[in-house]
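Report on the structure given below.
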Amino acid sequence: MRVLGIDPGLRNLGWGVIDVQGTRITHVANGICHSHGDDGALAERLVSLHAQLTEVVTRFAPDAAAVEHTFVNKDAVATLKLGQARGIALLVPAQAGLKVGEYAPNAVKKTVVGVGHAAKAQIDHMVRLHLPGVQIAGPDAADALAIAICHAHHLQSAGRLQAALARAAS
2 MRVLGIDPGL RNLGWGVIDV QGTRITHVAN GICHSHGDDG ALAERLVSLH AQLTEVVTRF
62 APDAAAVEHT FVNKDAVATL KLGQARGIAL LVPAQAGLKV GEYAPNAVKK TVVGVGHAAK
122 AQIDHMVRLH LPGVQIAGPD AADALAIAIC HAHHLQSAGR LQAALARAAS
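Mapping to the working numbering: the sequence shown position 123 is 124, numbers consecutive.
Below, the structure written as structure tokens:
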């Protein structure tokens, strides 16, 4: 199974693709979509992110996707803009027919690092341990790979649960 993780951002939208086979996770690719637009026009920036993320989905053909929830900060305008970028992060995989998992930042950190309030450096370090030899495009890409790893773990757990329920029913 191929999983796409997306770390939404209006300036920098991180993405990471992993392959999952049983308990084995391997790195496929990662990167950052940088928004472009004249004078920072929001609509143009969103179109730019949409086009770039669509290219990622087309190129790597994931089977599933996951997006991180946005946290609300003190700046309501910035939170709203981030939410609009998150909408692009949800829309593009959905347009490709993918089911999209959504995870709180603390859930991603707890899954990948073991604690819910891990620092960026800890996330980067643990992603590198999970994916030996990976070249990470930046902190946003590291977060996206962590989101993909989190989703892979949840999919594996759900699969084991379904198998156990099927065995119990027969």
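Just so it is clear, CB atoms sit at the ideal spot from N, CA and C, and this is done for glycine as well.
| Check | Outcome |
| --- | --- |
| Ordered list of beta strand (DSSP E) runs contained in the stretch 63–112, each at least 3 residues | 65–69, 101–104 |
| Neighbourhood of residue 87 by C-beta distance below 7 Å, restricted to the same chain and skipping five residues each side | 9, 68, 71 |
| Inter-residue Cα distance where the pair is residue 20 and residue 11 | 27 Å |
| Under 9 Å between C-beta atoms of residue 64 and residue 92 | no |
| Close beta carbons around residue 89, own chain, < 7 Å, minus the five adjacent residues each side | 47, 50, 51, 54 |
| Inter-residue Cα distance where the pair is residue 4 and residue 130 | 18 Å |
| Which of helix, strand or coil DSSP assigns to residue 18 | strand |
| As assigned by DSSP and simplified to three states, the class of residue 3 | strand |
| Through-space distance from residue 155 to residue 162, alpha-carbon basis | Since pLDDT at residue 162 reaches only 49, below the 50 mark, its modelled position is unreliable, and the value read off the structure follows with that caveat. Cα to Cα, residue 162 sits roughly 10 Å from residue 155. |
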